[in-house]
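Peer 1: Right, I'll just put the structure down here and ask away after.
Numbering (my numbering), first residue to last: 37 to 145.
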């Protein structure tokens with residue numbers, strides 16, 4: 037399934053929520069935040085996300101994490117889910133190498 041095809045009801049079902057147990061506005065906000073997080077993490081456009089079927093599970097994992105931890109301070113969060121990180125890492129195009137000591141001005145090789 038493509039991320040653009042995922043509905044509020046799909047996310048609610050993944051979260052195992054009944055229709056009367058969630059606020060649609062809150063789920064929609066989580067969905068938008070998850071999509072933009074994936075775009076920022078990978079450097080792909082919103083349209084390019086639909087080219088990768090495995091983003092479905094990464095999107096759902098992220099939505100579940102955001103929903104489950106919506107009231108926790110970020111300093112107490114355990115970190116990024118490894119499945120999520122692996123899936124997005126495979127498709128990241130915005131990787132920038134770090135500067136080494138040899139690259140710094142005044143360093144001889």
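Idealized CB from N, CA, C, for every residue including glycine. Every value quoted in this text rests on a predicted model; they were computed, and no experiment measured them.
Within a Cβ cutoff of 6 Å, which residues of the same chain sit near residue 140, ignoring the five residues on either side of it in sequence?
Peer 2: The count along the chain shown starts at 1 and reaches residue 140 at position 104. Only weak support is given to the placement of residue 140: the predicted model assigns it a pLDDT of 48, under 50, and the value that follows is read from those uncertain coordinates. If we look at residue 140 and ignore the five residues flanking it on each side, it has no Cβ neighbours.
Peer 1: Could you work out which residue in 118, 42, 129 and 80 is closest to residue 101 when comparing CA atoms only?
Peer 2: Position 65 of the chain shown holds residue 101. For the residues 118, 42, 129 and 80, the minimum Cα distance to residue 101 belongs to 118.
Peer 1: Is it right to say residue 94 is buried, meaning 16 or more other beta carbons lie within 10 angstroms of its own, or is it exposed?
Peer 2: Position 58 of the chain shown, counted from the first residue, corresponds to residue 94. Residue 94 should be labelled buried.
Peer 1: Residues in its own chain within less than 7 Å of residue 80 by CB, not counting five upstream and five downstream?
Peer 2: Within the chain shown, residue 80 is the residue found at index 44, counting from 1. Once the five neighbours on either side are set aside, the close Cβ partners of residue 80 are 127 and 129.
Peer 1: In its own chain, which residues sit with a C-beta less than 8 Å from the C-beta of residue 134, not counting the 5 before and 5 after it?
Peer 2: Here residue 134 refers to the residue found at position 98 of the chain shown. Because the pLDDT at residue 134 is just 49, under 50, the model does not fix this residue reliably, and the point stays unresolved.
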